[in-house]
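Heads up: the structure comes next, in structure tokens.
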Amino acid sequence: MIKLIPQVPEQDLFNIFGNFYQDEQDSVRMQGIDSCVQFSKVLQKQKVQQHLIPYIKKFSQDKSWRIRYLVADKLMELTEGIGIDLAREHLTQFYCSFLEDQESEVRTAAVRRLSDFGKTLDTKTLINTIIPSLSKLQTDQFTYVRQALAENLLSICPVIEKGPTNEHILPIFLALLRDEASDVRLNLFKKLDDLNKVIGLENLQQSIVPALKDLSEDKNWRIKLSVVEQYPALARQLGDQFFTEKLLPFCFQWLTDSVYSIREAALINMKELSKLFGTQWSEKHAIKRVIELKGEANYLHRLTALFGIGELSQVATSEQIKRMFVPCLQQLSKDKVPNIRLNVSKAIINIRQRKGESAQIDNQLEQDMLQILNELKSDEDEDVKFFTKKAIQATRQQ
């Protein structure tokens, strides 16, 4: 129908379009919203105000929540079509009504558009019109509404800047930080950088740590895994001293978690934190804790030590490998569990695959690793011998 605009009188097209709104079937009226989006891309500003805005208003107030939901969901498409000026003038009021809609699905759709639509608004409009509605949503009875709010709230901090953020956004943030739902608190931490850029996190550290502690010990391993993955970003924002003192213990705790995915992610964290804070920090904290696992009674923990050597060897110096990793490998090469001995060979392969300026392996380190492999190549376990031979072959090829 849009393609017919040059050939058919506009009023005739709008009369046809008007039938969408009057139809009793929700599915038909929903097509009318898609038509609004298409019309917005081709009509002149005057025609948009005269013909299109009234229909968008009608759809925004439709008796069916599905229609209102669709308008909220397509808000940015409409904004891009009619332009920011008209969107500010007309769509803002519709957006506010969606934030306070009686249906939770509509409220959720509206909040999910906050990150993008909020950037089109000025500070005054956000403070006086939008934020009061957001404040009500912090206690919404539906968890998924609060989840959407937590995920998008901080996106407007750079728009309204420091003073208004402290006054208006921070109280909502702190309330959500105490939310009973883990997913709500987790979503806040995913977007914490937006808050950090505007006001910094120095004064919020004491509020953040208890929430992180609860999430770090969550019974749902998927929640816990998501938290683990956020830690390198948090470390960059919080700094070496505070992170090491307050949050690093949680990282150590995850190294012996009962879920493999948590242990694996924790080791990757150790590597990323070592990159961030440097080799001295790594030796004092990450490497030290990982090699301590070699003495654990649980063989999975000893296995984690070997996996940790594989990860940390990528960022460690050759001197650290010789002094700290080789003794650990020597001890575990004599472990009673074949799977441990097998992974000693794998760890040596990982060490040899290091890249970068510090990846050079000197003669002493080479001899130390070959000695371990030569002892393992006559192991009674066939799998151990197989991977040991593989490690020796990799050594000869280099």
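In the numbering used here, the protein residues as written are 20 to 417.
Glycine is no exception: its CB is placed at the ideal position from the N, C-alpha and C atoms.
The structure displayed is predicted, hence computed values, not measured ones.
Are there 16 or more other CB atoms within 10 angstroms of the CB of Pro151, so buried, or fewer, so exposed? On the sequence shown, residue 151 is found 132 positions in, with the first residue counted as 1. Classification for Pro151: exposed.
In whole angstroms, what is the alpha-carbon distance linking Gln349 and Val247? Against the sequence shown, residue 349 aligns to sequence position 330. Against the sequence shown, residue 247 aligns to sequence position 228. Gln349 and Val247: Cα-Cα distance of roughly 31 Å.
Limits of the unbroken alpha helix (DSSP H) element including Gln158: As a first step, residue 158 must be located in the sequence shown, where it is residue number 139. The sequence shown places Thr at residue 158, rather than the Gln named in the question. From DSSP, Thr158 is part of no alpha helix (DSSP H); its letter is neither H nor E.
Cα-Cα, which of Leu361, Gly102 and Glu338 is closest to Asp387? Along the sequence shown, read from residue 1 onward, the residue named residue 387 stands at position 368. Among Leu361, Gly102 and Glu338, the Cα nearest to that of Asp387 is on Glu338.
In or out: Leu23 buried (at least 16 other Cβ within 10 Å) or exposed? Here residue 23 is taken as the residue at index 4 of the sequence shown, counted from 1. Because the pLDDT of Leu23 is 49, which lies under 50, any placement of that residue in the model is unreliable, and the number read from its coordinates should be weighed accordingly. Burial call: exposed.
Glu211 (DSSP reduced to helix, strand or coil): The sequence position of residue 211 within the sequence shown is 192, counting from 1. The amino acid at residue 211 is misidentified as Glu; the sequence shows Leu. If DSSP states are grouped into helix, strand and coil, Leu211 belongs with the helices.
What is the rounded straight-line gap between the Cα of Asp120 and the Cα of Thr144? Position 101 of the sequence shown, counted from the start, is the residue given in the question as residue 120. Position 125 of the sequence shown, counted from the start, is the residue given in the question as residue 144. Inter-residue distance for Asp120 and Thr144 is about 19 Å (C-alpha atoms, whole angstroms).
Straight-line Cα distance separating Lys365 from Glu99: Position 80 of the sequence shown, counting from 1, holds the residue named residue 99. Position 346 of the sequence shown, counting from 1, holds the residue named residue 365. Rounded to whole angstroms, Glu99 to Lys365 spans 54 Å at the Cα level.
If you follow the alpha helix (DSSP H) that His320 is part of, which residue opens it and which one closes it? Counting from one through the sequence shown, the residue named residue 320 turns up at place 301. Its alpha helix (DSSP H) spans residues Tyr318 to Leu331.
Using three-state DSSP, classify Thr336 as helix, strand or coil. The sequence position of residue 336 within the sequence shown is 317, counting from 1. Coil at Thr336, not helix or strand.
Simplified DSSP state of Arg132, which is helix, strand or coil: Indexing the sequence shown from 1 puts residue 132 at position 113. If DSSP states are grouped into helix, strand and coil, Arg132 belongs with coil.
By the 10 Å Cβ neighbour count, where 16 or more other Cβ atoms means buried, how is Lys93 classified, buried or exposed? Taking the first residue of the sequence shown as position 1, residue 93 is located at position 74. The residue in question, Lys93, is buried, as its Cβ has 16 or more Cβ neighbours within 10 Å.
Can you give me the C-alpha to C-alpha distance between Phe113 and Asp104, rounded to a whole angstrom? Residue mapping note: residue 113 aligns to position 94 of the sequence shown, counting from 1. Residue mapping note: residue 104 aligns to position 85 of the sequence shown, counting from 1. Rounded to whole angstroms, Phe113 to Asp104 spans 15 Å at the Cα level.
Use the C-beta contact count for Asn239: other C-beta atoms within 10 angstroms, 16 or more gives buried, fewer gives exposed. Start at 1 with the first residue of the sequence shown, and residue 239 comes out as number 220. By the beta-carbon neighbour count (other beta carbons within 10 angstroms, threshold 16), Asn239 is exposed.
By the three-class DSSP mapping on this structure, what secondary structure does Gly51 have? Position 32 of the sequence shown holds residue 51. Note: Gly51 maps to helix in three-state DSSP.
Same chain, Cβ closer than 7 Å to Gln333, neighbours up to 5 away in sequence not counted: The residue you call residue 333 lines up with position 314 of the sequence shown. So the qualifying residues of the chain are Lys290 and Arg373.
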